Amino acid sequence: MGSRDADIDFTFRHPTTARAIVDVLTSVGWSVEDPVGGVTTHMINDADDMYEWYASAPEDIDEVLVRLDAPGNLPYTVAINVYHPEAGTGGMFMLMPGRKEVLFSPSIDRRHIPAAPAFTDLAWYLHALVPALVTTGLEGYEAKEIKH
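According to numbering that gives the first Met the number 0, the sequence shown holds residues 0 to 147 in order.
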């Protein structure tokens with residue numbers, strides 16, 4: 000049967016920040032608070048090339064965003080999980096070095112196409128994300144699903 004990976008690769012006209020993405024998404028119904036654990040999870044891939052995940056209280060989101068967007072972290076990949084409580088789904092935004100390329104992986108309670116449940120409903124995620132991200136300088140995207 001095999002597993003499937005889905006992601007959306009976003010490209011921005013100019014470098015973006017975790018704060019810009021979180022601010023625009025929370026204004027349209029997304030959240031950084033894990034609905035199960037009530038925490039905010041984020042990651043920094045440091046100089047040792049170690050993907051270190053951290054959990055913080057949702058009220059500490061400003062501190063988390065300052066850390067992710069710190070100049071010292073610009074050469075590294077950083078990530079933050081987002082959730083759409085109303086839709087019951089979410090995923091990880093991974094900001095690549097240079098911050099013009101941002102990957103979204105719908106990895107939390109992934110939505111599937113009802114008539115083809117083996118496939119991710121990438122159209123739903125595009126509809127939920129692209130209009131908001133356009134306001135932050137989104138230039139384009141590539142959505143894909145791969146079976147392994």
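Cβ atoms here follow ideal geometry from the backbone N, Cα and C, with glycine treated the same way. Only a predicted model underlies this, so the values are computations on that prediction, with no experimental measurement involved.
Reduced DSSP category for residue i - H, G, I as helix; E, B as strand; rest coil
| i | result |
| --- | --- |
| residue 14 | coil |
| residue 123 | helix |
| residue 34 | coil |
| residue 136 | coil |
| residue 5 | strand |
| residue 19 | helix |
| residue 131 | helix |
| residue 105 | strand |
| residue 57 | helix |
Pairwise C-alpha distance: residue j and residue i
| i | j | result |
| --- | --- | --- |
| residue 21 | residue 147 | 31 Å |
| residue 0 | residue 31 | With a pLDDT of 47 at residue 0, under the threshold of 50, the predicted position of this residue should be treated as unreliable, and no value is reported. |
| residue 98 | residue 73 | 8 Å |
| residue 55 | residue 64 | 11 Å |
| residue 131 | residue 29 | 11 Å |
| residue 75 | residue 2 | 28 Å |
| residue 133 | residue 142 | 16 Å |
| residue 80 | residue 103 | 9 Å |
| residue 40 | residue 114 | 32 Å |
| residue 37 | residue 96 | 29 Å |
Residues near residue i by beta carbon distance below 7 Å, same chain, minus five either side
| i | result |
| --- | --- |
| residue 106 | 90, 91 |
| residue 34 | 82, 84 |
Burial state of residue i (16 or more Cβ within 10 Å)
| i | result |
| --- | --- |
| residue 49 | exposed |
| residue 27 | exposed |
| residue 7 | buried |
| residue 53 | exposed |
Beta-carbon proximity list for residue i, same chain, < 6 Å, skipping 5 on both sides
| i | result |
| --- | --- |
| residue 112 | 118, 120 |
Cut-off 8 Å between Cβ atoms - residues of its own chain near residue i, not counting five sequence neighbours on either side
| i | result |
| --- | --- |
| residue 108 | 87, 88, 89 |
| residue 62 | 55 |
>> Quick check on the DSSP output: what are the complete beta strand (DSSP E) runs of length 3 or more inside the region 60-103, in order along the chain?
In response: 77-83, 88-94
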